[in-house]
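Engineer:
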Ligand SMILES: [Zn+2]
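Residue numbers (the numbering used here): 9 to 103.
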């Protein structure tokens with residue numbers, strides 16, 4: 009028999025905070041300005057890589073390859089917590 013899972017507590021765009029699970033909303037614009045509700049961090053495990061230049065004398069180009077992409081979503085409330093900001097920064101650096 010199939011299990012029925014409760015739908016996530018999603019915001020208007022179906023996106024939820026990776027830390028508290030609350031549904032988040034896209035940025036709202038008004039005449040007075042705008043209100044950001046969440047941030048999306050596209051990060052993950054990286055590794056150094058290089059490609060050879062166009063000719064034998066051309067230096068190779070160094071870059072970082074994103075080998076395991078991870079999207080982290082933080083609502084503005086969670087990002088205001090120092091421990092969440094620290095965790096996001098650590099993951100963003102590839103730690
Ligand atoms: Zn949150």
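All C-beta atoms in this analysis are idealised placements derived from N, C-alpha and C, irrespective of residue type, glycine included.
#1: What span of residues does the alpha helix (DSSP H) with residue 91 cover, start to end?
#2: Applying the criterion that 16 or more other CB atoms from any shown protein chain within 10 Å of the CB defines a buried residue, is residue 92 buried or exposed?
#3: Less than 9 Å separating the beta-carbons of residue 127 and residue 37?
#4: Distance check for residue 101 and residue 89, CA to CA, integer angstroms please.
#5: On the CB-based measure, 16 or more other CB atoms within 10 Å of its CB, does residue 59 come out buried or exposed?
#6: Please report the residue range of the alpha helix (DSSP H) in which residue 168 lies.
Structural biologist: Reading off the structure:
#1: Walking along the chain shown from the start, residue 91 turns up at place 83. Segment 90 to 100, the alpha helix (DSSP H) holding residue 91.
#2: Residue 92 sits at position 84 when you count from the first residue of the chain shown. Its Cβ being crowded by 16 or more others within 10 Å, residue 92 is buried.
#3: No statement about residue 127 is possible, as the shown extent of the chain runs from 9 to 103 and does not include it.
#4: Indexing the chain shown from 1 puts residue 89 at position 81. Indexing the chain shown from 1 puts residue 101 at position 93. The straight-line gap from Cα to Cα measures roughly 19 Å.
#5: Against the chain shown, residue 59 aligns to sequence position 51. Burial call: exposed.
#6: Nothing about residue 168 can be read from this structure; the chain reaches only from 9 to 103.
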